[in-house]
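Right, one structure below, let's go through it.
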Amino acid sequence: MLKTMGFVDEGFTNMQKAMQRFREAADAFHAMVTDQTMPGMTGKELVEKIRSLRPERPVFICTGYSAVMTEESAAELGVRGLFKKPVSFADLSVALSRTIGSHSTTSLTGEEGLPSKKKPGDRPHVLLVDDEKEQLEIY
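Letter by letter, the sequence shown follows residues 32 to 170 of our numbering.
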């Protein structure tokens, strides 16, 4: 669905593989959307690892239920948005567009560490992480 808004997405059902991909190509991703509760690593832990590599990179967390991840704790981590599942595609796409722009609506924000000049054909890349493959397909 994000593709219809002009984003390029790359999805992973395994946080360790997503982290490896981010390490390999951190500059390629303009934002990350992750689930909070996953085997092997929580969304909070993944955000902390992403922040250690690229503190300026926008991150959004989705959760079905989490007593650990609240709006306040997400804000303390620097998370740009906390979404309850089922995630509203409209809400997520608006949040991403406001934060990093989209090919079809606005240019990239030019925040420190993010590309500020958009060339024709450039589209913001989003790293998606959720242990449910069906959820990745919804994004």
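Ideal Cβ positions, reconstructed from N, Cα and C, are used throughout, including at glycine.
Treat the numbers as computed from the prediction; the structure is a model and nothing was measured.
For residue i, which of helix, strand or coil comes out of DSSP?
i           : result
residue 94  : strand
residue 116 : coil
residue 130 : helix
residue 54  : helix
residue 100 : coil
residue 35  : helix
residue 122 : helix
If you draw a straight line from the C-alpha of residue i to the C-alpha of residue j, how long is it?
i           : j           : result
residue 55  : residue 92  : 22 Å
residue 59  : residue 117 : 27 Å
residue 96  : residue 82  : 23 Å
residue 119 : residue 165 : 15 Å
residue 66  : residue 153 : 26 Å
residue 52  : residue 34  : 20 Å
residue 156 : residue 102 : 25 Å
Spell out the partners DSSP gives residue i in its beta bridges.
i           : result
residue 49  : DSSP output for residue 49 lists no bridge partner at all.
residue 158 : 41, 63
Kindly list the residues whose CB is nearer than 7 Å to the CB of residue i, restricted to its own chain and excluding five residues on each side of it in sequence; keep chain order.
i          : result
residue 46 : 69, 71, 72, 77, 160
Within a Cβ cutoff of 6 Å, which residues of the same chain sit near residue i, ignoring the five residues on either side of it in sequence?
i           : result
residue 111 : 89, 91, 130
If residue i sits next to residue j, beta carbons under 8 Å apart, how far is it from one beta carbon to the other, in whole angstroms?
i           : j          : result
residue 124 : residue 63 : In fact, because the Cβ distance is near 15 Å, the residues do not count as touching under 8 Å.
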